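The next block holds one structure in the form of structure tokens; read it before the comments.
Protein chains in written order, with our numbering: chain A, 19 to 166; chain B, 19 to 166.
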């Protein structure tokens, strides 16, 4: 597989830093901690995930990684969003930083390689297919009329 | 309550035309129809809803209504998206065209009255609060640093 050719129009990969990731493996410990200290059984891995991703997109890539507070999804942590340069914007959730770093890198590069943000379904990493939450058409988008 | 003052930068209200609305009231009839003709128990009210909304946003409003095919939500019909002019983009679902037309009109006007798309929570119509699916920061957005 050849590397996707990046388009010149930049892409921003937003990473939610407020997403709370439940920690089932720590459930009993956390439950104990909650009872005593009010610390709930989750962490917020967004900042670290954003930093790990940013380290993968160095110049001359036209991909910027931006940590942001809340993408209003909340129920499907960790959540990211992709947008930029007249492309459809995508929101993707259910991401596990420990498992999906390479998938997010690959998926973002494929996205950046498109002019409209529409990566063919089969070319999307599995977490991008399963985790898609919504998309927003680019500004000025008009649905093309179907040919007869 | 005074009418929101619209900002000059235009807003697009995208309305999904592929959203399938289940028809529970027709379930038994539809189930029978499905068995015989393959017609499933749903309709797709997006086109009609878009037309009803478009009739409410006439010049000089800076709000355009655009029917679009699929916002990739699907599980929470009917779905709309709002974006434009450097604002946060919002995706909102669970809308019932028969009940929520006025709410969508009011919510869209409030959105259009902001420069950044961030309508205060209490000023959002109830279906916009309950139905929010995701938001995407505007292009070029950087999270402001918190003051100490």
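By construction, the Cβ of each residue, glycine as well, lies at the ideal position given by its N, Cα and C atoms. Note that the coordinates shown come from a computational prediction; the quantities given were computed from them, not determined experimentally.
Every alpha helix (DSSP H) stretch that sits fully inside the region 97–162 of chain A and reaches 4 residues is listed by chain position as 115–130, 144–148. The beta-carbon of residue 138/A is placed no less than 7 Å from the nearest beta-carbon of chain B. Within chain A, the residues placing a beta-carbon under 8 Å from that of residue 160/B are 84, ordered along the chain. In the structure shown, residue 89/A falls within a coil segment according to DSSP collapsed to helix, strand and coil. According to the DSSP assignment, residue 32/B belongs to no alpha helix (DSSP H) but to the beta strand (DSSP E) extending over 29–34.
Looking from the CA of residue 74/B, the closest CA among 39/B, 105/B, 144/B, 125/B belongs to 125/B. Counting along the chain, residue 67/A sits inside the alpha helix (DSSP H) bounded by residues 64–72. The alpha-carbon separation between residue 159/B and residue 131/B amounts to approximately 19 Å. Residues are counted here when their Cβ sits less than 7 Å from a Cβ of chain B; for the region 138–152 of chain A these are 150, 151, 152, given in chain order. Taking 7 Å as the CB threshold, residue 89/B lines the interface with chain A.
At a cut-off of 7 Å between beta-carbon atoms, residue 99/A makes contact with chain B. For residue 122/A, none of the residues of chain B pass the 9 Å Cβ criterion, the least Cβ distance being about 16 Å.
Contact of residue 154/B with chain A is assigned, a C-beta pair being separated by under 7 Å. CA-CA distance, residue 94/B to residue 150/B, rounds to 10 Å.
For the region 103–116 of chain B, the set of positions with a beta-carbon nearer than 7 Å to some beta-carbon of chain A reads 107, 109 in chain order.
Put simply, of 147/B, 77/B, 70/B the residue whose alpha carbon is nearest the alpha carbon of residue 28/B is 77/B. Contact annotation: residue 91/B and residue 152/A have beta-carbon atoms nearer than 7 Å.
If you compare the alpha carbons of 144/A, 88/A, 136/A, 35/A with that of residue 122/A, the shortest gap goes to 144/A. Under the Cβ criterion of 7 Å, residue 157/A is counted among the residues facing chain B.
DSSP lists 60/A as the bridge partner or partners of residue 40/A. Around the Cβ of residue 99/A, a 10 Å sphere holds 16 or more other Cβ atoms; the residue is buried.
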